[in-house]
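Numbering (my numbering), first residue to last: 485 to 765.
Below is the structure:
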């Protein structure tokens with residue numbers, strides 16, 4: 485732990501700051517490169533939930549995919565999904581926050597993607613539709629609860645929860661076409677990780693994992709000063725900045741590591757388990 489980390493984790497009396505809620509990114513954080521959760525991480529999450537710690541998933545993934553992970557881990561707290569554009573209660577599906585890409589913008593983005601023949605997906609009302617030319621993708625999509633379609637525009641006419649595009653050429657082409665028109669109006673998050681190729685995630689302009697974390701803390705009755713956020717990429721920075729204690733994974737880029745209290749082990753080395761046992765149990 486760095487000196488900054490020690491300072492952030494200690495209270496005014498020099499004792500350990502109490503962490504009552506932990507927000508976890510999924511890909512590159514809780515999950516390993518193969519998109520699985522290690523036994524050590526799963527055990528630590530279970531122990532935290534049993535101890536009354538709120539474990540909150542905070543991801544760019546859509547709700548049903550994130551809910552599946554929450555169910556496997558026994559997590560019952562609200563889920564932050566779509567990079568902070570949506571917060572849902574997995575117990576009944578209630579929407580605590582639901583920010584969507586407006587219909588006009590969604591139609592424009594989908595039409596450009598179809599024109600460029602981009603591989604991508606759109607989520608509308610819990611249905612994620614994907615356009616792909618890769619062989620065998622249909623079975624993989626079905627296993628993840630997705631539907632393979634020929635055109636995104638057919639699914640996005642009334643607005644969208646999120647768009648996701650993969651591949652350097654696709655990302656560059658989409659940004660060149662939709663960036664000038666929608667930058668500032670929509671949240672255009674780009675990134676690259678060990679687990680994903682270059683990607684572009686498009687959601688409502690007000691989407692912010694930090695704002696979503698504050699909402700979840702309020703809902704749980706936990707002061708945000710008693711929360712911890714753990715992530716590995718630029719879209720995690722908002723929640724890392726507002727949390728009482730912030731931790732970057734060892735596999736995070738320097739731009740993320742330089743803005744947190746603690747740099748922990750990487751996602752292949754059970755970094756989440758280390759953080760939970762170090763700060764919450």
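C-beta: ideal position from N, C-alpha, C; glycine also. Note that the structure is a prediction, hence the values are computed from the model and not measured.
{"query": "Please report how far the alpha carbon of residue 574 lies from the alpha carbon of residue 675, in whole angstroms.", "result": "27 Å"}
{"query": "Is there a C-beta anywhere in chain B that falls below 9 Å from the one on residue 598?", "result": "Annotation note: the requested chain B is absent from the structure, which comprises a single protein chain."}
{"query": "I need the straight-line Cα distance from residue 760 to residue 569, nearest angstrom please.", "result": "26 Å"}
{"query": "Starting from residue 527, trace the alpha helix (DSSP H) both ways and give me its first and last residue.", "result": "523–534"}
{"query": "In three-state DSSP terms, what is residue 565?", "result": "strand"}
{"query": "Shortest alpha-carbon distance to residue 548 belongs to which of 627, 535, 531, 600?", "result": "627"}
{"query": "Taking the straight line between their C-alpha atoms, what separation do you get for residue 666 and residue 590?", "result": "11 Å"}
{"query": "Do you know how far the Cα of residue 685 is from the Cα of residue 716?", "result": "16 Å"}
{"query": "Give me, in chain order, the residues of the same chain whose beta-carbon lies closer than 7 Å to that of residue 744; leave out the 5 immediate sequence neighbours on both sides.", "result": "724, 730, 731, 732"}
{"query": "Between residue 741 and residue 719, how many whole angstroms is the CB-CB distance? I'm expecting something under 8 Å.", "result": "About 15 Å separates the two Cβ atoms, so there is no contact after all."}
{"query": "For residue 525, collect the residues of the same chain with a Cβ closer than 7 Å to its Cβ; drop the 5 residues on either side in sequence, then sort them by chain order.", "result": "514, 754, 756, 757"}
{"query": "Does residue 560 come out as helix, strand or coil in the three-state DSSP assignment?", "result": "coil"}
{"query": "Between residue 594 and residue 552, what straight-line distance do the alpha-carbon atoms span, to the nearest angstrom?", "result": "27 Å"}
{"query": "Once you ignore the five residues that flank residue 586 on each side, which residues in its own chain have a CB closer than 7 Å to its CB?", "result": "643"}
{"query": "How big is the Cα-Cα spacing for residue 668 and residue 649?", "result": "19 Å"}
{"query": "Are there 16 or more other CB atoms within 10 angstroms of the CB of residue 577, so buried, or fewer, so exposed?", "result": "exposed"}
{"query": "Taking all protein chains shown into account, do 16 or more other C-beta atoms lie within 10 angstroms of the C-beta of residue 728, making it buried, or fewer, making it exposed?", "result": "buried"}
{"query": "Should residue 704 and residue 571 be called a contact, given that it needs their Cβ atoms to be closer than 9 Å?", "result": "no"}
{"query": "In this structure, does DSSP put residue 723 in helix, strand or coil?", "result": "helix"}
{"query": "Apart from the five residues just before and just after residue 567, which ones in its own chain have a Cβ nearer than 7 Å to its Cβ?", "result": "544, 671, 673, 685, 687, 691, 693, 719"}
{"query": "Three-state secondary structure (DSSP) at residue 735?", "result": "coil"}
{"query": "When you compare only the Cα positions, how much space is there between residue 511 and residue 588?", "result": "31 Å"}
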